[in-house]
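Colleague: Before anything else, here's the structure in question.
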Amino acid sequence: MEDLIIVVLRLLHIVMGALWFGVGVCAAWVLMPAAERMGDKGFAMLRTFYISTRFNMLMPIVSIGTTLVGVILWILRSS
32 MEDLIIVVLR
42 LLHIVMGALW
52 FGVGVCAAWV
62 LMPAAERMGD
72 KGFAMLRTFY
82 ISTRFNMLMP
92 IVSIGTTLVG
102 VILWILRSS
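One rule links them: number in this note's numbering = place in the sequence shown (from 1) + 31.
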């Protein structure tokens, strides 16, 4: 049973870490440069995007989840 828990936690850690990294790269390399090139309208678009979608909740949830699962895995594997 413990092996199944470790596998599920590892899978969660990998998926959430990949999502965290992918969203961060997309925001840094695609969304922000596009908004900067558009000027004030671009930043207005970003504000609307963050307000009208759940994107602003995604990053904190995924980053905290990845970290917590990683700490749990570390504790389970070190004992």
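For every residue, glycine included, the Cβ atom is placed at its ideal position computed from N, Cα and C. Quick caveat, the model's predicted, so the values are computed rather than measured.
#1: At which residues does the alpha helix (DSSP H) containing Arg-85 begin and terminate?
#2: Using 8 Å as the Cβ pair cut-off and three pairs as the minimum, do the segment 94 to 101 and the segment 66 to 84 touch?
#3: Roughly how many angstroms separate the alpha carbons of Leu-104 and Arg-78, rounded to a whole number?
#4: Determine the burial state of Trp-60: buried for a count of at least 16 other Cβ atoms within 10 Å of its Cβ, exposed for fewer.
#5: Assign Met-32 to one of three DSSP states: helix, strand, or coil.
Modeller: The short version:
#1: By one-based count along the sequence shown, residue 85 stands at place 54. From DSSP, Arg-85 is part of no alpha helix (DSSP H); its letter is neither H nor E.
#2: At 8 Å Cβ cutoff, the stretches do not touch.
#3: Within the sequence shown, residue 104 is the residue found at index 73, counting from 1. Within the sequence shown, residue 78 is the residue found at index 47, counting from 1. Leu-104 and Arg-78 have their alpha carbons spaced roughly 36 Å apart.
#4: The count along the sequence shown starts at 1 and reaches residue 60 at position 29. With fewer than 16 Cβ atoms within 10 Å of its Cβ, Trp-60 is classed as exposed.
#5: Here residue 32 is taken as the residue at index 1 of the sequence shown, counted from 1. Note: Met-32 maps to coil in three-state DSSP.
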